[in-house]
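J.: Here it is: the structure, laid out below.
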Amino acid sequence: MLNPDDLVAIDIHTHAEEPCGCHADDGYDDFQARMAEYFGSPNKHPPTVPETAAYYRAKKIAAVIFPVDAERETGFRRYNNDEMIEITRQNSDVLIPFASIDPHKGKLGVREARRLIADYGIKGFKFHPTMQGFYPNDRLAYPLYEAIQEGGAIALFHTGQTGVGSGMPGGMGMRLKYSNPMYMDDVAADFPDMKIILAHPSFPWQEEALSVATHKPNVYIDLSGWSPKYFPPILVRYINTILQDKMLFGSDWPVITPDRWLSDFAKLEIRDEVRPKVLKHNARKLLGI
3 MLNPDDLVAI DIHTHAEEPC GCHADDGYDD FQARMAEYFG SPNKHPPTVP ETAAYYRAKK
63 IAAVIFPVDA ERETGFRRYN NDEMIEITRQ NSDVLIPFAS IDPHKGKLGV REARRLIADY
123 GIKGFKFHPT MQGFYPNDRL AYPLYEAIQE GGAIALFHTG QTGVGSGMPG GMGMRLKYSN
183 PMYMDDVAAD FPDMKIILAH PSFPWQEEAL SVATHKPNVY IDLSGWSPKY FPPILVRYIN
243 TILQDKMLFG SDWPVITPDR WLSDFAKLEI RDEVRPKVLK HNARKLLGI
């Protein structure tokens, strides 16, 4: 079982991938190859969940891990939540599973969310508005949010532009507008008891994200998807001051490794008392572990 006291850090943002070749008929492997090229990732093919667990175990880092259900919008078959969760249970010393359900699944998705919370005690759900093709404050998603809030789970939302689809024709049809963090202000206001994580430095809407997280008590920010050496000065300022209790370490594994992220973060001018909050303490409190 997970022992937080033994951990160096908690990575709040990692991706679960099926073994290579499972998506050979739908373009998924090509998509992943372009992602690896864009980020300069050492992982040319996505590691499996057990491989991810072995990596994090060796580093003494726990990882929140999730698939992304975007099959409706992308045509990529989703990694089944149940299958992914069962594998993480075999690696519960380092992996903390979140699920992913496309809000377009409607009542079917709501039933799945309630079942995953009841059967597995799932702590959170990952949303990717750009890949799933919806505005976070679209009322179609509200029944799903209601189930998440009632179950005491966390909602983690991709925000900004982090390279997904970059360089592919038409950006692979993905529209950046859906991931403006200001849409999350409505969600945070309408679901005040649901903890919300805005994933990634929200380029080009960084100040919007900082504004929402400052104004809404239930909103946090994870710092994944960007090397810290590219963090804008205003983000570093808020990490050190106003939002020091709401900032979370995240890598965006496998396209960015914790080694790379932590090495660059160590070079930032972060106050000594703030650094451990970002790396572990804030996540531990949020996750209740």
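Numbering-wise, my numbering comes out as the position in the sequence shown, counting from 1, plus 2.
C-beta: ideal position from N, C-alpha, C; glycine also.
This one's a predicted model, so the numbers in the text were calculated from it and none came from an experiment.
1. Can you tell me which of the three DSSP states Ile244 falls into?
2. Just verifying my parser: in three-state terms, what is the DSSP assignment at Val257?
3. Under 8 Å, with one C-beta from each stretch per pair, do the segment 261 to 281 and the segment 5 to 17 reach the 3-pair mark?
4. Between which two residues does the alpha helix (DSSP H) holding Met217 run?
5. Tell me, please, which residues DSSP counts as bridged to Met249.
6. Residues in the same chain with beta-carbon distance under 7 Å from Pro194, minus the five sequence neighbours each way, listed in chain order, please.
7. Apart from the five residues on each side of it in sequence, which residues of its chain come closer than 6 Å, Cβ to Cβ, to Asn139?
8. Looking at C-alpha atoms only, which residue of Ile156, Gly153, Arg177 and Gly154 is the closest neighbour of Gln163?
9. Looking only at DSSP bridge pairs, what is Pro99 linked to?
10. Could you tell me if Thr243 is buried or exposed, where buried requires 16 or more neighbouring beta carbons within 10 angstroms of its beta carbon?
11. Which residues in the same chain have their Cβ closer than 6 Å to the Cβ of Pro74, if we skip the five residues on either side of it in sequence?
12. Closer than 6 Å to a non-hydrogen atom of the ligand NAD - does that hold for the CB of Pro49?
13. Take Ile241 as the anchor and find which of Pro260, Phe136, Glu275 and Gly227 has the nearest alpha-carbon.
14. So what's Phe127 in DSSP terms, helix, strand or just coil?
15. Check the C-beta distance from Val66 over to Thr16 and give it rounded, since I have them as a contact under 8 Å.
16. Is the Cβ of Glu75 closer than 7 Å to any Cβ of chain D?
17. Give the straight-line distance between the Cα atoms of Val280 and Phe78, rounded to the nearest whole angstrom.
18. Taking Cβ to Cβ, would you say Ala157 is nearer than 7 Å to Met196?
19. Quick check on His17: does DSSP put it in helix, strand or coil?
20. Given a cut-off of 7 Å, decide if Tyr137 and Tyr180 are closer than it, judged by their beta-carbon atoms.
21. Anyone know if the C-beta pair for Pro260 and Ile63 falls short of 7 Å?
22. Please return the same chain residues whose Cβ sits closer than 7 Å to the Cβ of Ala18, not counting the five positions on each side in sequence.
23. Which same chain residues end up closer than 6 Å to Tyr58 when comparing Cβ atoms and leaving out the 5 residues on each side of it in sequence?
24. So what does DSSP say about Ile89, is it helix, strand or coil?
25. By DSSP's criteria, Lys62 is part of a beta bridge. Which residues make up the other side?
26. Leaving out five residues before and five after Tyr222 in sequence, what residues of the same chain have Cβ atoms less than 8 Å from its Cβ?
27. When the Cα atoms are used, what is the spatial distance from Arg113 to Arg91?
28. With the cut-off set at 7 Å, would you say Pro203 and Leu237 are in Cβ contact?
T.: From the atom records:
1. Against the sequence shown, residue 244 aligns to sequence position 242. Note: Ile244 maps to coil in three-state DSSP.
2. The residue given as residue 257 occupies position 255 in the sequence shown. Assigned with DSSP and collapsed to three states, Val257 falls in coil, not helix or strand.
3. Cβ pair count under 8 Å is three or more, so yes.
4. In the sequence shown, counting from the first residue as 1, residue 217 sits at position 215. The sequence shown places His at residue 217, rather than the Met named in the question. Unbroken alpha helix (DSSP H) run through His217: Gln208 to His217.
5. As a working note, residue 249 is residue 247 in the sequence shown. Ile223, per the DSSP bridge assignment.
6. On the sequence shown, position 192 is the one that residue 194 refers to. Asn220, listed in sequence order.
7. The sequence position of residue 139 within the sequence shown is 137, counting from 1. Sequence-distant partners of Asn139 (beyond 5 residues in either direction) whose C-beta falls short of 6 Å from its own C-beta, in its chain, are Tyr185, Asp188 and Val189.
8. For the purposes of this step, residue 163 is identified with residue 161 of the sequence shown, where counting begins at 1. The alpha carbon of Gln163 has as its nearest neighbour, out of Ile156, Gly153, Arg177 and Gly154, the alpha carbon of Arg177.
9. Counted from its first residue, the sequence shown places residue 99 at position 97. For Pro99, DSSP records a beta bridge to Ile67.
10. As a first step, residue 243 must be located in the sequence shown, where it is residue number 241. Classification of Thr243: exposed, given that the 10 Å Cβ count is below 16.
11. The residue you call residue 74 lines up with position 72 of the sequence shown. Note that residue 74 is Arg in the sequence shown, not Pro. Excluding positions up to five away in sequence, the list reads Asp104 and His106.
12. Although the ligand NAD was asked about, the structure shown includes no ligands whatsoever.
13. Position 239 of the sequence shown, counting from 1, holds the residue named residue 241. That would be Glu275, whose Cα lies nearest to the Cα of Ile241.
14. Residue numbering aside, residue 127 sits at position 125 when the sequence shown is read from its first letter. In the structure shown, Phe127 adopts extended strand secondary structure according to DSSP, grouped into three states.
15. Here residue 66 corresponds to residue number 64 of the sequence shown, with the count starting at 1. Here residue 16 corresponds to residue number 14 of the sequence shown, with the count starting at 1. Between Thr16 and Val66 the Cβ distance is about 7 Å, and since that is below 8 Å, they are a contact.
16. Although the question refers to chain D, the structure presented lacks it and comprises just one protein chain.
17. One-based indexing of the sequence shown puts residue 280 at position 278. One-based indexing of the sequence shown puts residue 78 at position 76. Straight through space, the alpha carbons of Phe78 and Val280 are spaced by roughly 33 Å.
18. The residue given as residue 157 occupies position 155 in the sequence shown. The residue given as residue 196 occupies position 194 in the sequence shown. Contact flag set, yes.
19. As a working note, residue 17 is residue 15 in the sequence shown. Reduced to three states, the DSSP call for His17 is strand.
20. Reading the sequence shown from its first residue, position 178 is the one you call residue 180. Reading the sequence shown from its first residue, position 135 is the one you call residue 137. Contact: yes.
21. As a first step, residue 260 is located in the sequence shown; it is residue number 258 there, counting from the start. As a first step, residue 63 is located in the sequence shown; it is residue number 61 there, counting from the start. Going by C-beta atoms, Pro260 is nearer than 7 Å to Ile63.
22. For the purposes of this step, residue 18 is taken as the residue at position 16 of the sequence shown. The residues Val51, Ile67, Phe68, Pro69, Tyr81 and Met86, in chain order, have a CB closer than 7 Å to that of Ala18 in the same chain once the five nearest residues on each side in sequence are set aside.
23. Taking the sequence shown and counting its residues from 1, one reaches residue 58 at position 56. Shown here for Tyr58: same chain residues with a beta carbon closer than 6 Å to its own, the five before and five after excluded, namely Ala65 and Val96 in chain order.
24. Residue 89 sits at position 87 when you count from the first residue of the sequence shown. Annotated three-state conformation of Ile89 is helix, per DSSP.
25. As a first step, residue 62 must be located in the sequence shown, where it is residue number 60. Looking at the DSSP assignment, Lys62 forms no beta bridge with any residue, so it has no partner.
26. By 1-based counting over the sequence shown, the position of residue 222 is 220. Lys197, Ile198, Ile199, Leu200, Ala215, Lys248, Met249, Leu250, Asn284 and Leu288, listed in sequence order.
27. As a working note, residue 113 is residue 111 in the sequence shown. As a working note, residue 91 is residue 89 in the sequence shown. Taking the straight line joining both Cα atoms gives about 22 Å.
28. Residue 203 sits at position 201 when you count from the first residue of the sequence shown. Residue 237 sits at position 235 when you count from the first residue of the sequence shown. Cβ atoms of Pro203 and Leu237: closer than 7 Å.
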